[in-house]
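Asker: Chains A and Z, in that order, are what the protein sequence lines are. In terms of our numbering, the first sequence opens at residue 27 and continues consecutively. In terms of our numbering, the second sequence opens at residue 22 and continues consecutively. Got a structure here, written out as structure tokens. Questions coming.
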Amino acid sequence: MYSCTKVIQVNLNDSSPQTVIEGNITDSAGPYTVQITRTVNFSDANVFPAVSGALVSITDTTAAIVDTLAETSPGIYTTHIIQGVPGHTYHLYISASGKIYTASSTMPMSVPLDSVTFRHEDNFGKKTIFGVVNFQDPIHVPNQYNFTEYINGKRLNKFVFAFDDQFVDGKYNSQALFTDSAYIKVGDTLAIKMDCIDKPVYNFFKTLQNATNGNNFQSASPANPLTNISNNALGYFSAAATSTKQGVAN
Amino acid sequence: MQRILLAFLLIPALAATAQQKHTISGTVRDKNSGEVLIGATVSIMELSRSGSISNSYGFYSISAPAGNYTLITSFSGYRSDTMIISLNKDLLRPVQLLQTNSELQDIVVSTTKKNANVTNPVAGVQKLSVSEIKSIPVIFGERDVLKTIQLLPGIKSAGEGNSGFYVRGGGADQNLVLLDEATVYNASHLLGFFSAFNSDAIKDLTVYKGAMPAEYGGRLSSVVDIKMNDGNNQSYHVSGGIGLIASRINIEGPIVKNRGSFIISARRTYADVFLKLSPDSSINSNSLYFYDLNAKANYKIDDKNRVYLSGYFGHDNFGLGTTFGIGYGNSTGTARWNHIFNSRLFSNTSLIYSNYNYDIKINSGNNDIIIKSSIKDWALKEDLQYYINNNNKINFGFNTIYHTFAPGILDASDSSSFNSIKVPNKYALENAVYVSHEYTPFDALKLDYGFRFSAFSVVGPGNFYTYDSAGTAIDTATYKSGQFVKTYFNVEPRFSASYQLNKTSSLKASYTRNVQNLHLLSNSASSSPTDIWIPSSLNVKPEIADQVSLGYYRNFKDNQYEFSAETYYKKLQNQIDYKNGAQLNVNENVESELLYGIGRAYGLELYLGKKYGRLTGWLSYTLSRTERKINGINNDNWYAAKQDQTHNIAVVGIYKLNKKWTFSANWVYNTGNAVTFPSGKYEVNGQTTFYYTERNGYRMPAYHRLDIGATMVGKKTAKWESDWTFSIYNVYGRENAYSIRFQNDPNDPSKTQAVQTALFRWVPSVTYDFKF
């Protein structure tokens, strides 16, 4: 009588391969990587072809340092000299298969994650444990955050937790990261990485969150996440101030 | 423009030069209850073209030269009344009709105008009168007028779990739903499973699918004008129903016998009881209920004056465990005064208050926040009807509404991580003046044409921002309370005509322009009660729709069968959509997130109905298309609107087996909504992410279901009547897709798959109805 779900066959069109770029600079010690891959058709296996032989360079425009990245494994390009420093602006330049892609990101000032605690909810008839991040949001400064969870060292890939301080400016935050069911068990070690990101990178993760967290009530008409990379690339280029804390679920 | 106004002024002069005529006027009522009857036909047998249709308050007026005549009044579901009159001066003749026994077949009466569907000049209208409302099919355990109109051509359901409906390709916010003249902003309960109206209390429902007369305005696609019962002014009655999903009660009676009456109807559901029975733990800790209350009183001061007071209060509550809850509701209050100046001039004055609000509660640990939003309206409406003679009637009047929008308040408790925020209120004044002429120049041709002049003013206090196309504020202007910031003037011509080819068939044509200044923003693929209404502003222009339609109407077998084929084309301007990732809730700068463009909709609607006999019902088929072209979406190309459903079919049957049993069944089919599905995939942030190319390039699977119902009349005494109604919704249990998601196959992460969620399969229902 109530709702039911089942796997169905849907005839989806094919599309020509698009370039996907994922680049991360943080204020931890380098080196940092930029990964370039391609899209595949829906019916293909989840093997995403690497794009080799591209020319990739990152410029720290604040410190006037230019770094040309080397391809250390297929599709993965690594920096040599560039350092991630809060307040600096980084430009990405890629030339791959005759196309040019550029992006720019400014690393925000660092906001430290104080601790990871836990929240027990009795929703949905069963006890669920959620991780809670605790930190002080700086007042009168626009801040954007992106959180990643690692349970017993393994990254939890299913969710995006992107958050800005529009409603919490200047407050001490204890925010639970809600998932749709229990991933954390008593005794698990939960590490949470908090990235302080700029607005364009936040827009990417926010729109990626809308598209993947699968909340039926507020799902907007699906669209590709807002990228900060030019020329119809998918993906993002982020310069983030990062900190990680962990705790054991009790 | 001036010439047209001059022409209107000349008409009374022309009328006066005609032969000296007298007028018969009065109110048509149900003899047993005193309820006024809307849409009854009163005519003089000896004179052709002497018909008058009783208005929303039961008033009719006919002119004739002095003489002796037979006055005939007829109305579907009632026995016709014949009255001999001797007309040598203006006469007041109230008419009282008796309901027909449900067993009797009305076959007699050759002068009965049962071909009103053929002769009515206004095209694209569907009407449900008192007797028809009693015999609509049962869906989900209820006889619901809003669900029933969605079985008619051109009117589409928004689907399970969605509130609202679509008329001729228009959005869910483009329908003006009026309950006794007050606007109802969200006409549904329980995410669309029930409408906000207790059908026990409803007397008359008329749906205009685009060619609305000039007295209506403010929404582009339709007007659903619902009139409530006034209450039995002869004796007290209680009626109601107890059902598996909802229960209702109705109390009515005289205040002063024959002069005044009251009616109170209430309804509550306990659907949450069923949720608790579900073994699925993600369902059984939720709460889901609604209630509504209609109250009305009226009093006849004297033959020329009557006053009404009515109110409606409805509220829904939906909660997921203790963490999340939504509550929303409408409340309206109306005070009205009918005044009959003389036998030819009828007036109604209404003072209306309307409030729509919702709140979203989120409670997670020390973060209790409530997000609230509301719209409050105060309105004054004056409508006059001038019956010049039997071929000319002028309707004119004005309407003024003062809107207060509270677009978003975030209330956080002190210990919360959240700051309390209040987005400043917005204020607007919506004014309109209209005049229209119902004109029968000769027997075969009936015209209904007019103009509505509307002015929408954005009013202070507040800060008004102007944004460029990138969403950056380029100007801020501050205004004080009551100052006019900007006014949008619009002229809305309305034109409808019917040409009778012969007694049983006609052609109808119409052209109308409608303007809408209240816009619903919905950041989801499904419509929800927490969508936000915003008024036109410095950045948001009024939406405009121009519609033309052409139809052929034909009745068969002495009006037993009605057939119509109607085609329409609608052009829409200043349509709104939103940027990817737009923040719509509690956002003072929500207008910076909007994108604008145009739309078009066209279609063919076919209808075949059987009106009399043991078996009644209809077949309805609509073939249509509705598209949008918004700057910034889909590379500025045309794309199908979400509610584009190529084929839409409804088959409805009601069979009266005998005095005891009546059966009903309905089967519906529609092409799935247009939807955006991926055309590729990639990996980013450690997740398989999907790649989208065009907007709304795919279709959900087709939707179809069969419902059946049976009513068994119980023991009937002079004091007590009762019946049992049994129904099954979705008899063959089809899993109609509510949503389709894409994800990695949990059993094989190297593959991706599509997962469909369906809501309701078989839903049985039992209701016990009583009346004493």
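Ideal Cβ positions, reconstructed from N, Cα and C, are used throughout, including at glycine.
Please list the residues of the region 690–713 of chain Z that have a C-beta atom closer than 9 Å to any C-beta atom in chain A, keeping them in chain order.
Answerer: From the region 690–713 of chain Z, only Val696, Thr697, Phe698, Pro699, Ser700, Gly701, Lys702, Tyr703, Glu704, Val705, Asn706, Gly707, Gln708, Thr709, Thr710, Phe711, Tyr712, Tyr713 have a Cβ closer than 9 Å to chain A.
Asker: Between cysteine 2/A and chain Z, is there a C-beta pair that is closer than 8 Å?
Answerer: Residue numbering for chain A in the displayed model covers 27 to 276; residue 2/A lies beyond these limits and cannot be assessed.
Asker: Note down, in chain order, each residue of its chain lying with its Cβ closer than 8 Å to the Cβ of lysine 681/Z, except the 5 sequence neighbours on either side.
Answerer: The residue labelled residue 681/Z in the question sits at position 660 within the second sequence. Here the set comprises Met733, Val734.
Asker: Between which residues of its own chain and aspartate 329/A is the CB-CB distance below 6 Å, once the five residues before and five after are set aside?
Answerer: The shown model of chain A, from 27 to 276, leaves out residue 329/A, and the question about it has no answer.
Asker: To which residues does DSSP link threonine 279/A through a beta bridge?
Answerer: No statement about residue 279/A is possible, as the shown extent of chain A runs from 27 to 276 and does not include it.
Asker: Determine which residues of the region 771–783 of chain Z have a Cβ less than 9 Å from any Cβ of chain A, and write them out in chain order.
Answerer: Those would be Ser771, Lys772, Thr773, Gln774, Ala775, Val776, Gln777, Thr778, Ala779, Leu780, Phe781, Arg782, Trp783, in chain order.
Asker: Less than 8 Å between the CB atoms is what I'm expecting for histidine 424/Z and alanine 465/Z, so what's the real figure, rounded?
Answerer: For the purposes of this step, residue 424/Z is identified with residue 403 of the second sequence, where counting begins at 1. For the purposes of this step, residue 465/Z is identified with residue 444 of the second sequence, where counting begins at 1. No, histidine 424/Z and alanine 465/Z are not in contact; Cβ-Cβ is about 44 Å, not under 8 Å.
Asker: Rounded C-beta distance between lysine 393/Z and aspartate 432/Z? I'm assuming under 8 Å.
Answerer: Position 372 of the second sequence, counted from the first residue, corresponds to residue 393/Z. Position 411 of the second sequence, counted from the first residue, corresponds to residue 432/Z. Confirmed, Cβ separation roughly 7 Å.
Asker: Taking the beta carbon of glycine 79/Z as the centre, do at least 16 other beta carbons fall within 10 Å, making it buried, or is it exposed?
Answerer: Residue numbering aside, residue 79/Z sits at position 58 when the second sequence is read from its first letter. So glycine 79/Z counts as buried.
Asker: Nearest to glutamate 48/A by CA position, among Leu260/A, Lys232/A, Phe173/A, Ala267/A, is which residue?
Answerer: As a working note, residue 48/A is residue 22 in the first sequence. Out of Leu260/A, Lys232/A, Phe173/A, Ala267/A, Leu260/A has the C-alpha closest to the C-alpha of glutamate 48/A.
Asker: Show which residues of chain A have a CB atom less than 9 Å away from the CB atom of glutamate 612/Z.
Answerer: Within the second sequence, residue 612/Z is the residue found at index 591, counting from 1. The premise fails here: glutamate 612/Z is roughly 17 Å from chain A at the closest Cβ pair, so nothing lies under 9 Å.
Asker: Counting only runs that start and end within the region 42–128 of chain A, where is the beta strand (DSSP E) found for 3 or more residues in a row?
Answerer: Listed in chain order, the complete beta strand (DSSP E) runs (minimum 3 residues) inside the region 42–128 of chain A are 45–52, 59–64, 81–86, 91–94, 96–99, 102–104, 115–122.
Asker: Does the region 407–427 of chain Z come into contact with the region 90–102 of chain Z, if we say contact requires no fewer than three beta-carbon pairs (one atom in each stretch) closer than 8 Å?
Answerer: In short, these stretches do not touch, since the Cβ pair count stays below three.
Asker: Kindly confirm or deny that the region 339–354 of chain Z and the region 318–325 of chain Z touch, where touching means at least three C-beta pairs closer than 8 Å.
Answerer: Because the criterion of three Cβ pairs below 8 Å is not met, the region 339–354 of chain Z and the region 318–325 of chain Z do not touch.
Asker: Cα separation between lysine 631/Z and glutamine 581/Z?
Answerer: To locate residue 631/Z, count along the second sequence from 1; it is residue 610. To locate residue 581/Z, count along the second sequence from 1; it is residue 560. Their Cα atoms are separated by approximately 6 Å.
Asker: Which bits of chain A does phenylalanine 439/Z rub up against, with CB to CB less than 8 Å?
Answerer: As a first step, residue 439/Z must be located in the second sequence, where it is residue number 418. Ordered by position in chain A, the residues that pass the 8 Å Cβ test against phenylalanine 439/Z are Phe193, Val194, Lys197.
Asker: Can you check whether the CB of asparagine 271/Z is closer than 8 Å to the CB of asparagine 1/Z?
Answerer: This structure cannot settle anything about residue 1/Z, because the visible part of chain Z is limited to 22 through 793.
Asker: Distance, Cα to Cα, leucine 125/Z vs leucine 636/Z?
Answerer: If you number the second sequence from 1, residue 125/Z lands on position 104. If you number the second sequence from 1, residue 636/Z lands on position 615. Confidence in leucine 125/Z is poor, its pLDDT being 43 and thus under 50, which makes the residue's placement unreliable; the coordinate value appears in the next sentence. Cα to Cα, leucine 125/Z sits roughly 13 Å from leucine 636/Z.
Asker: Could you confirm whether any beta carbon from chain A is found closer than 8 Å to the beta carbon of isoleucine 442/Z?
Answerer: Your numbering for residue 442/Z matches position 421 in the second sequence. Isoleucine 442/Z counts as touching chain A.
Asker: Using beta-carbon positions only, say whether glutamate 626/Z and glutamate 583/Z come within less than 8 Å of one another.
Answerer: Locating residue 626/Z in the second sequence gives position 605, counting from the first residue. Locating residue 583/Z in the second sequence gives position 562, counting from the first residue. In this structure, glutamate 583/Z does not lie closer than 8 Å to glutamate 626/Z by Cβ.
Asker: For the region 112–125 of chain A, list every residue whose C-beta sits within 9 Å of some C-beta in chain Z, in sequence order.
Answerer: Residues: none.
Asker: Applying the criterion that 16 or more other CB atoms from any shown protein chain within 10 Å of the CB defines a buried residue, is threonine 533/Z buried or exposed?
Answerer: Translated into the one-based positions of the second sequence, residue 533/Z becomes position 512. Classification for threonine 533/Z: buried.
Asker: Below 8 Å on the Cβ atoms is my contact criterion, and I expect serine 558/Z with valine 479/Z to pass it. Report the Cβ-Cβ distance as a whole number of Å.
Answerer: Along the second sequence, one-based indexing puts residue 558/Z at 537. Along the second sequence, one-based indexing puts residue 479/Z at 458. About 5 Å; that satisfies the 8 Å criterion.
Asker: With 8 Å set as the bound, which would you pick, yes or no: does the beta-carbon of asparagine 338/Z sit closer than that to a beta-carbon of chain A?
Answerer: Within the second sequence, the letter at position 317 stands for residue 338/Z. So, not an interface residue.
Asker: Can you tell me the Cα-Cα spacing of serine 714/Z and glycine 185/Z, whole angstroms?
Answerer: The sequence position of residue 714/Z within the second sequence is 693, counting from 1. The sequence position of residue 185/Z within the second sequence is 164, counting from 1. Per the sequence shown, the amino acid found at residue 714/Z is threonine instead of serine. Using only the alpha carbons, I get a separation of about 29 Å.
Asker: Does alanine 400/Z come out as helix, strand or coil in the three-state DSSP assignment?
Answerer: Residue numbering aside, residue 400/Z sits at position 379 when the second sequence is read from its first letter. Alanine 400/Z: strand per DSSP, three-state reduction.
Asker: Taking 8 Å as the CB-CB limit, is isoleucine 761/Z close to chain A?
Answerer: Position 740 of the second sequence holds residue 761/Z. Taking Cβ atoms only, chain A reaches closer than 8 Å to isoleucine 761/Z, which makes this a yes.
Asker: Should leucine 197/Z and glycine 239/Z be called a contact, given that it needs their Cβ atoms to be closer than 8 Å?
Answerer: If you number the second sequence from 1, residue 197/Z lands on position 176. If you number the second sequence from 1, residue 239/Z lands on position 218. Contact flag set, yes.
Asker: Less than 8 Å between the CB atoms is what I'm expecting for threonine 709/Z and lysine 702/Z, so what's the real figure, rounded?
Answerer: Sequence index remark: in the second sequence, residue 709/Z carries index 688 (1-based). Sequence index remark: in the second sequence, residue 702/Z carries index 681 (1-based). The Cβ separation is near 6 Å, so the contact holds.
Asker: Give the DSSP bridge partners of methionine 733/Z, in chain order.
Answerer: Translated into positions along the second sequence, residue 733/Z becomes position 712. Beta-bridge pairing links methionine 733/Z to Trp682/Z, Trp745/Z.
Asker: Leaving aside the five residues before and after glutamate 648/Z along the sequence, list all residues of the same chain whose C-beta is less than 8 Å from its C-beta, in chain order.
Answerer: Mapped onto the second sequence, residue 648/Z falls at position 627. For glutamate 648/Z, where only same-chain residues beyond five positions count, the Cβ hits under 8 Å are Gly620, Arg621, Ala622, Trp659, Tyr660, Ala661, Ala662, Asp665.
Asker: Any idea if glutamine 41/Z is buried or exposed, counting beta-carbon neighbours within 10 angstroms, 16 or more meaning buried?
Answerer: Against the second sequence, residue 41/Z aligns to sequence position 20. Result: exposed.
Asker: In three-state DSSP terms, what is leucine 125/Z?
Answerer: Walking along the second sequence from the start, residue 125/Z turns up at place 104. With a pLDDT of 43 at leucine 125/Z, under the threshold of 50, the modelled position of that residue is not reliable, and no figure is offered here.
Asker: In three-state DSSP terms, what is isoleucine 45/Z?
Answerer: The residue labelled residue 45/Z in the question sits at position 24 within the second sequence. Three-state DSSP puts isoleucine 45/Z in a strand.
Asker: Less than 6 Å between C-beta atoms, sequence neighbours within five positions excluded: which residues of the same chain meet that for threonine 115/A?
Answerer: Along the first sequence, one-based indexing puts residue 115/A at 89. Only Thr87, Thr88, Thr132 meet the Cβ criterion.
Asker: Could you name the residues of the same chain whose beta carbon sits closer than 8 Å to that of glycine 213/A, not counting the 5 residues immediately before and after it, in chain order?
Answerer: Here residue 213/A is taken as the residue at index 187 of the first sequence, counted from 1. Closer than 8 Å at Cβ, skipping near neighbours: Val274, Ala275.
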